[in-house]
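Visitor: Whatever position you read off the sequence shown (first residue = 1), add 43 for the working numbering.
By construction, the Cβ of each residue, glycine as well, lies at the ideal position given by its N, Cα and C atoms.
Bear in mind that the values here come from a model prediction, so they are computed numbers and not experimental data.
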Amino acid sequence: MRCYRISLIFLGIISAIAIGFAAEGQEIGSFIKQLQNEEEIVEIRRKAAHALGQIGDPASITVLVKSLQDERGEVRAAAASALVRIGSPTVPELIRSLNSKDAVVRSTAAYALGRIGEPNAIPALVQALNDQRWEVRQNAASALGKIDQSSQTVVFALIQALSDKHTNVRIWAASMLGQIGAPAEAAIPGLAHVLNHQQVTLRGTAAKALGQIGVPTQTAIAALMNALNDASPWVRANAAYALAQVDNSKHDMAVRVLTEVLRCKMAGVRLYAARALAAMDGISRPRFHRDAKQPTVIKLARTQ
44 MRCYRISLIF LGIISAIAIG FAAEGQEIGS FIKQLQNEEE IVEIRRKAAH
94 ALGQIGDPAS ITVLVKSLQD ERGEVRAAAA SALVRIGSPT VPELIRSLNS
144 KDAVVRSTAA YALGRIGEPN AIPALVQALN DQRWEVRQNA ASALGKIDQS
194 SQTVVFALIQ ALSDKHTNVR IWAASMLGQI GAPAEAAIPG LAHVLNHQQV
244 TLRGTAAKAL GQIGVPTQTA IAALMNALND ASPWVRANAA YALAQVDNSK
294 HDMAVRVLTE VLRCKMAGVR LYAARALAAM DGISRPRFHR DAKQPTVIKL
344 ARTQ
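As structure tokens, then:
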């Protein structure tokens, strides 16, 4: 009798699991139909994509990838997030999507691959750096910097992207090289060259990247020293902080430049200089109190 009861309990559990799987299968089908129905209101389709991502069944990958072409940005964003949530099983389809005729699909696929972080996507993303559309190239550069920061294939691809004809791509390439750090030492000459570019954001990003890489080569030090005289206070602040990171002997010089930048009219630039000083050492902190124009700077000085 006892064995009989145990068998009944076991069968009940198995039945419940089977019913659960069946219900989930029905849910997936329902969400897929909602997502595919272009006459459905946008919010329902967005939520359907979100739900498919939470369920995580690979059966929904094809329809989610197709939704990257949707005319509504909310649906495209939800589909991309769902694919990222599902993760590695989506990578082959996303790699194929990098060859889509639709530039939005290619760009979103590159973005999603970066979020997933699958090393197998590196060759396809390197190829995407040659895409005709700068948005695709920008997302490919960003993705490469997030996937494998020890890969010299990635480093050299991003170095090439520093010469891209579109400034945004060059900015992202410089930023990713900085995030990679010391393994991106080979990028120093390229970043030093970019410090002479006419675009302020690119120059500032390149200076910051040299500091993040942190290798004290003569090329890096000379480029950063020269950037201390840049017309932009933001570039000067980035160069000063980077110089202190690269060469400790330039610490006092960096402090002087950053202290001067605290007089800049732009609050955001003053705040950046204050944070840089706070990150360097305690000697610099009292200088923040002279900047009465920006309460955030004073608060930062007291809390660092």
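Measure the C-alpha to C-alpha separation of Leu103 and Glu161 and round it to an integer number of angstroms.
Guide: In the sequence shown, residue 103 corresponds to position 60, counting from 1. In the sequence shown, residue 161 corresponds to position 118, counting from 1. Note on identity: in this sequence residue 103 is Ser, with Leu being the wrong assignment. Roughly 19 Å separates the two Cα atoms.
Visitor: Could you check where the alpha helix (DSSP H) with Met309 kicks off and where it finishes?
Guide: Translated into the one-based positions of the sequence shown, residue 309 becomes position 266. Unbroken run through Met309: none, as it is neither H nor E.
Visitor: Using 8 Å for Cβ pairs, my map puts Ile202 next to Ala164. What's the rounded Cβ distance?
Guide: Start at 1 with the first residue of the sequence shown, and residue 202 comes out as number 159. Start at 1 with the first residue of the sequence shown, and residue 164 comes out as number 121. Actually they do not touch by this definition, with Cβ atoms about 19 Å apart.
Visitor: Between Ser206, Leu220, Ile214, which has its C-alpha nearest Leu187's C-alpha?
Guide: Taking the sequence shown and counting its residues from 1, the one referred to as residue 187 is at position 144. For the residues Ser206, Leu220, Ile214, the minimum Cα distance to Leu187 belongs to Leu220.
Visitor: Compute the distance between the beta-carbons of Cys307 and Pro259, then report whether it is under 7 Å.
Guide: For the purposes of this step, residue 307 is taken as residue 264 along the sequence shown, with counting starting at 1. For the purposes of this step, residue 259 is taken as residue 216 along the sequence shown, with counting starting at 1. Result no, Cβ atoms of Cys307 and Pro259 do not sit closer than 7 Å.
Visitor: Is it true that the CB of Ala266 sits closer than 7 Å to the CB of Val278?
Guide: Here residue 278 refers to the residue found at position 235 of the sequence shown. Here residue 266 refers to the residue found at position 223 of the sequence shown. For Val278 and Ala266, no; Cβs fall outside 7 Å.
Visitor: In chain order, what residues of the same chain lie with their CB nearer than 7 Å to the CB of Val212, ignoring the 5 residues before and after it?
Guide: One-based indexing of the sequence shown puts residue 212 at position 169. Result list for Val212: Trp177, Arg180, Gln181, Ala184, Ala204, in chain order.
Visitor: Can you find the residues in the same chain that come closer than 7 Å, C-beta to C-beta, to Ser131, ignoring five residues on each side of it along the sequence?
Guide: On the sequence shown, position 88 is the one that residue 131 refers to. Taken in chain order, the residues that qualify are Ile159, Glu161.
Visitor: For Arg176, does the three-state DSSP call read helix, strand or coil?
Guide: On the sequence shown, position 133 is the one that residue 176 refers to. Looking at Arg176 - three-state DSSP - the assignment turns out to be coil, as it is neither helix nor strand.
Visitor: Kindly indicate if chain D contains any beta-carbon less than 7 Å away from that of Asp191.
Guide: Of the protein chains in the structure, only one exists, and it is not chain D.
Visitor: Roughly how many angstroms separate the alpha carbons of Ala200 and Leu172, rounded to a whole number?
Guide: Taking the sequence shown and counting its residues from 1, one reaches residue 200 at position 157. Taking the sequence shown and counting its residues from 1, one reaches residue 172 at position 129. Roughly 8 Å between the two C-alpha positions.
Visitor: Secondary structure at Gly188, three-state DSSP: helix, strand or coil?
Guide: Mapped onto the sequence shown, residue 188 falls at position 145. Helix at Gly188.
Visitor: Nearest to Val197 by CA position, among Gln222, Ser73, Gln175, Ala122, is which residue?
Guide: The sequence position of residue 197 within the sequence shown is 154, counting from 1. Of the listed residues, the one whose Cα sits closest to Val197 is Gln222.
Visitor: Let's test the definition: count the other Cβ atoms within 10 Å of the Cβ of Ser150 and tell me whether it reaches 16, buried, or not, exposed.
Guide: Position 107 of the sequence shown, counted from the first residue, corresponds to residue 150. Under this definition Ser150 is a buried residue.
Visitor: May I have the straight-line CA-CA distance separating Ile226 from Glu81, to the nearest angstrom?
Guide: Within the sequence shown, numbered from 1, the residue matching residue 226 stands at position 183. Within the sequence shown, numbered from 1, the residue matching residue 81 stands at position 38. It should be noted that the sequence gives Pro, not Ile, for residue 226. Rounded to whole angstroms, Pro226 to Glu81 spans 47 Å at the Cα level.
Visitor: Report buried or exposed for Ile87, applying the criterion of at least 16 other Cβ atoms within 10 angstroms of its Cβ.
Guide: Position 44 of the sequence shown, counting from 1, holds the residue named residue 87. Under this definition Ile87 is an exposed residue.
Visitor: Take Gln195 and list the residues in its own chain whose beta-carbon comes closer than 8 Å to its own, dropping the five residues that flank it on each side.
Guide: Position 152 of the sequence shown, counting from 1, holds the residue named residue 195. Cβ within range, chain order: Pro226, Ala229.
Visitor: For the alpha helix (DSSP H) that Pro135 lies in, which residues bound it at each end?
Guide: For the purposes of this step, residue 135 is taken as the residue at position 92 of the sequence shown. Run containing Pro135: 134-140, per the alpha helix (DSSP H) assignment.
Visitor: Which of the three DSSP states is assigned to Gln79 in this structure?
Guide: Taking the first residue of the sequence shown as position 1, residue 79 is located at position 36. Of the three classes helix, strand and coil, the one that applies to Gln79 here is helix, per DSSP.
Visitor: Label Asn291 either buried or exposed according to how many other C-beta atoms from any shown protein chain fall within 10 Å of its C-beta, with 16 as the threshold for buried.
Guide: Translated into positions along the sequence shown, residue 291 becomes position 248. Answer is exposed; the Cβ neighbour count stays below 16.
Visitor: When you compare the CB positions of Ala92 and Ala121, do they come within less than 7 Å of one another, or not?
Guide: Translated into positions along the sequence shown, residue 92 becomes position 49. Translated into positions along the sequence shown, residue 121 becomes position 78. The answer is yes: Cβ separation under 7 Å.
Visitor: Where do the ends of the alpha helix (DSSP H) carrying Ser206 lie?
Guide: If you number the sequence shown from 1, residue 206 lands on position 163. From DSSP, Ser206 is part of no alpha helix (DSSP H); its letter is neither H nor E.
Visitor: Considering only their Cβ atoms, is the gap separating Thr248 from Ser206 smaller than 7 Å?
Guide: Sequence index remark: in the sequence shown, residue 206 carries index 163 (1-based). Sequence index remark: in the sequence shown, residue 248 carries index 205 (1-based). Taking 7 Å as the Cβ cut-off, Ser206 and Thr248 do not qualify as a contacting pair.
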